[in-house]
Amino acid sequence: MVKKFAAVMLSAVLLSASPLTGLDFGGKINSTTKYQGTEFSALKWYESSAAHLWISSLFNKKMKLKFSADGSYEFRYDERDNSYKNIVDLNLLKISGTLEAGRYNAIQFAVGRFPVSDMTGIVFSQINDGMYIKFVTPVIEFSIYGGSTRMLNAHDVTILTPEGTAYNPDYNSVYVTAPSYIPFGISIACPSLFFNQTLAAEGWGFIDFSTDRYSRWYGTIALSGPLSGKVFYSLMTTAGSENLKTLSDLSKAVLTLYPAAGASVCFTGVYASGSNGFLSSFRGFTSQTADFALDEPEYTGMIKAAVSGSYTILSCVCLVAEGGCVFVCPENTVSYDGLQWNFSAVWNIFHDLQVSAGASQYYAADSSRNKTCLVVTGAFVF
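Going by this note's numbering, the sequence shown opens with residue 65, and the numbers climb by one from there.
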């Protein structure tokens, strides 16, 4: 099996230089217009317009051996600091495939640049350069990932760095290389372990290859599954450490209901530790905005409870509404931080044309952190 897998990988490299079969290509033009600020009467304009070109080719149908690539140019303008940016990026460059071993066993793999995420979607969620292998059996799933962040574009991927970091990029360039880390992860899942419940464990490490010496380590345990035919849950907790000298916690609980066709209701609770007792402040690897406040805080020293709902109309219009409450706990006390709401509508006019509009607000205990945001987007695929 190992020899056969190695042969498949070698074939993928050789085929990437051979004439493509089943070639497909196209493009996308998308635009985002946003107005945001502390008061409705003083909103600032943000604009993003991008053009994408993509190509894909299926080399081998039996092994699902596929080559995919996506490149883009984007223009950004932000009235808040009157800044302009021209960005060129390679968003996807991947060879992927599936090697089946019997009726129920398989090996899935991917090599190149593609999106990667941890189980929480908070610690590590970004495009990355690397290699992924997953072994699938009816009773256990095991996956390994290893890669590098050095050649990523920091305009599109924001990696959290320590205070006083030696990383000092020039964001006026069209392509800005990201901080140098080696991310690697291992995941084990037992699907339908008991009563259709899934137990999973995952570990991630991010080794700092700069002078910052800011390596981070995370371990997650998760349990998920159905409570009934229309009710599902997910529970997970993550222990984090910086340079193996601290201990922090990120915990997340989700309850999802499907009351009718095309409708869903989701209750979510998230805790990210501050300096709470023996715990240190949690900090992820990829920058993730925790709420809608003006300063766009990260997941650290906070508790968030939210309820959201979605409804699809005529298979082409999706409505989403969300409301939530945020508390902060940077030390051993908990205090109210703010309330937030969000509403958005997405309309797939045709299979190649989509428009959306949305509005959100954050009412903070400190009014200087209030935020109102109005956004309109459009995308055309050709």
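Where is the CB? At the ideal position from N, CA and C, for every residue including glycine.
Handout entry: Cα-Cα separation, residue 178 to residue 445
Key = Here residue 178 is taken as the residue at index 114 of the sequence shown, counted from 1. Here residue 445 is taken as the residue at index 381 of the sequence shown, counted from 1. The straight-line gap from Cα to Cα measures roughly 20 Å.
Exercise for the section: Let me know if residue 395 comes out buried or exposed under the rule of 16 or more other beta-carbons within 10 Å of its beta-carbon. Expected result: Counting from 1 along the sequence shown, the entry for residue 395 is found at position 331. Residue 395 is exposed by the Cβ-count criterion.
Problem - Coil, strand or helix - residue 431 by DSSP - result: By one-based count along the sequence shown, residue 431 stands at place 367. Of the three classes helix, strand and coil, the one that applies to residue 431 here is helix, per DSSP.
Practice task
Provide the residue(s) that pair with residue 313 in DSSP beta bridges, ordered along the chain.
Solution key: The residue given as residue 313 occupies position 249 in the sequence shown. Under DSSP, residue 313 forms a beta bridge with 303.
Exercise for the section: Could you tell me the distance, in whole angstroms, from the CA atom of residue 466 to the CA atom of residue 120? Expected result: Look at the range of the chain in this structure, 65 to 446, and you will see that residue 466 is not part of it.
Practice task
Compare the Cα-Cα distances from residue 368 to each of 145, 156, 400 and 166 and report the closest residue.
Solution key: As a first step, residue 368 must be located in the sequence shown, where it is residue number 304. Cα-wise, what sits closest to residue 368 is 400.
Problem - Under the three-state DSSP convention, the category residue 139 falls into - result: Start at 1 with the first residue of the sequence shown, and residue 139 comes out as number 75. Judged by DSSP in its simplified three-state form, residue 139 adopts strand.
Practice task
Could you please give me the residues that DSSP links to residue 195 through a beta bridge?
Solution key: The residue labelled residue 195 in the question sits at position 131 within the sequence shown. Paired residues: 175 and 210.
Problem - Three-state class that DSSP yields for residue 106 in the structure shown - result: Indexing the sequence shown from 1 puts residue 106 at position 42. In the displayed model, residue 106 falls within a helix according to three-state DSSP.
Handout entry: Length of the line joining the Cα atoms of residue 82 and residue 173
Key = Your numbering for residue 82 matches position 18 in the sequence shown. Your numbering for residue 173 matches position 109 in the sequence shown. Model confidence at residue 82 stands at a pLDDT of 48, short of 50, so the residue's coordinates are unreliable; what they give is reported in the following sentence. So the two alpha carbons sit approximately 20 Å from each other.
Practice task
Starting from the Cα of residue 331, find the closest Cα among 195, 341 and 299 and give me that residue.
Solution key: Within the sequence shown, the letter at position 267 stands for residue 331. The residue with the shortest Cα to Cα distance from residue 331 is 299.
Problem - Reduced DSSP category for residue 415 - H, G, I as helix; E, B as strand; rest coil - result: As a working note, residue 415 is residue 351 in the sequence shown. Here residue 415 carries a coil assignment [DSSP, helix/strand/coil].
Practice task
Measure the C-alpha to C-alpha separation of residue 325 and residue 212 and round it to an integer number of angstroms.
Solution key: Residue 325 sits at position 261 when you count from the first residue of the sequence shown. Residue 212 sits at position 148 when you count from the first residue of the sequence shown. Looking at the two C-alpha atoms, the distance is approximately 42 Å.
Handout entry: Collapsed DSSP secondary structure at residue 81 in the structure displayed
Key = Counting from one through the sequence shown, the residue named residue 81 turns up at place 17. The predicted position of residue 81 is uncertain, since its pLDDT is 44 and thus under 50; no value can be drawn from it.
Problem - Residue(s) in a DSSP beta bridge with residue 225 - result: Here residue 225 refers to the residue found at position 161 of the sequence shown. Residue 225 pairs with nothing; no bridge assigned.
Problem - the stretch 428–439 in contact with the stretch 100–110 per 3-pair CB rule at 8 Å - result: With three or more CB-CB distances shorter than 8 Å, the stretch 428–439 counts as touching the stretch 100–110.
Practice task
Please name the residue in 90, 183, 95 and 319 whose C-alpha comes closest to that of residue 452.
Solution key: Residue 452 cannot be examined here, being either before or after the span of the chain that is shown, 65 to 446.
Practice task
Less than 8 Å between the CB atoms is what I'm expecting for residue 328 and residue 402, so what's the real figure, rounded?
Solution key: Within the sequence shown, residue 328 is the residue found at index 264, counting from 1. Within the sequence shown, residue 402 is the residue found at index 338, counting from 1. No, residue 328 and residue 402 are not in contact; Cβ-Cβ is about 25 Å, not under 8 Å.
Exercise for the section: Specify, as a first and last residue, the run of the beta strand (DSSP E) that residue 280 falls within. Expected result: If you number the sequence shown from 1, residue 280 lands on position 216. Segment 280–292, the beta strand (DSSP E) holding residue 280.
Practice task
Tell me, to the nearest whole angstrom, how far the beta carbon of residue 133 is from that of residue 163; I am working on the premise that it is less than 8 Å.
Solution key: The residue given as residue 133 occupies position 69 in the sequence shown. The residue given as residue 163 occupies position 99 in the sequence shown. Contact between residue 133 and residue 163 is ruled out by a C-beta separation of about 22 Å, above the 8 Å threshold.
Practice task
Mind reading off the beta-carbon distance from residue 136 to residue 116? Whole number of angstroms is fine, and I expect it under 8 Å.
Solution key: Counted from its first residue, the sequence shown places residue 136 at position 72. Counted from its first residue, the sequence shown places residue 116 at position 52. Confirmed, about 5 Å.
Exercise for the section: Compute every distance between the C-beta of residue 308 and the non-hydrogen atoms of the ligand GTP, then say whether any falls below 8 Å. Expected result: The ligand GTP is not part of the structure shown, which contains no ligands of any sort.
Handout entry: Contact under 9 Å by Cβ, residue 384 with residue 356
Key = Your numbering for residue 384 matches position 320 in the sequence shown. Your numbering for residue 356 matches position 292 in the sequence shown. Taking 9 Å as the Cβ cut-off, residue 384 and residue 356 do not qualify as a contacting pair.
Problem - Minimum C-alpha distance to residue 440 - residue among 87, 97 and 310 - result: Numbered from its first residue, the sequence shown carries residue 440 at position 376. The alpha carbon of residue 440 has as its nearest neighbour, out of 87, 97 and 310, the alpha carbon of 97.
Handout entry: Sufficient close CB pairs (3 or more, under 8 Å) joining the stretch 231–239 to the stretch 185–198
Key = The stretch 231–239 vs the stretch 185–198: no contact.
Handout entry: Exposure label - residue 431; buried when at least 16 CB within 10 Å
Key = To locate residue 431, count along the sequence shown from 1; it is residue 367. Result: exposed.
Problem - In DSSP terms, what residue 93 is bridged to - result: Here residue 93 refers to the residue found at position 29 of the sequence shown. Answer is 115 and 444, bridged to residue 93.
Exercise for the section: Verify the CB distance criterion: does residue 337 have a CB-CB separation below 9 Å to chain C? Expected result: No chain C is present in this structure, which holds just one protein chain.
Problem - Cut-off 8 Å between Cβ atoms - residues of its own chain near residue 427, not counting five sequence neighbours on either side - result: Translated into positions along the sequence shown, residue 427 becomes position 363. Within the same chain, residue 427 has close Cβ partners 402, 403, 404 and 434.
Practice task
Buried or exposed for residue 314, please, with buried defined as at least 16 other CB atoms from any protein chain shown within 10 angstroms of its CB.
Solution key: The count along the sequence shown starts at 1 and reaches residue 314 at position 250. The residue in question, residue 314, is buried, as its Cβ has 16 or more Cβ neighbours within 10 Å.
Problem - Beta-carbon contacts of residue 381 that lie in its chain and below 6 Å, excluding the five residues immediately before and after - result: Reading the sequence shown from its first residue, position 317 is the one you call residue 381. Closer than 6 Å at the Cβ level, and outside the excluded window around residue 381, lie 411.
Practice task
Let me know the secondary structure DSSP gives residue 380 once reduced to three states.
Solution key: Translated into positions along the sequence shown, residue 380 becomes position 316. Of the three classes helix, strand and coil, the one that applies to residue 380 here is coil, per DSSP.
Problem - residue 184 classed as buried or exposed, judged by whether at least 16 other C-beta atoms fall within 10 angstroms - result: Locating residue 184 in the sequence shown gives position 120, counting from the first residue. Residue 184 should be labelled buried.
Problem - Meets three-Cβ-pair contact criterion under 8 Å: the stretch 277–291 and the stretch 250–269 - result: Look at the beta carbons and you see the stretch 277–291 touching the stretch 250–269: at least three pairs across the two are nearer than 8 Å.
Problem - In DSSP terms, what residue 391 is bridged to - result: On the sequence shown, residue 391 is found 327 positions in, with the first residue counted as 1. Note: residue 391 sits in a beta bridge opposite 367 and 400.
Handout entry: Residue burial classification, residue 138 (beta-carbon count within 10 angstroms, cutoff 16)
Key = Numbered from its first residue, the sequence shown carries residue 138 at position 74. So residue 138 counts as buried.
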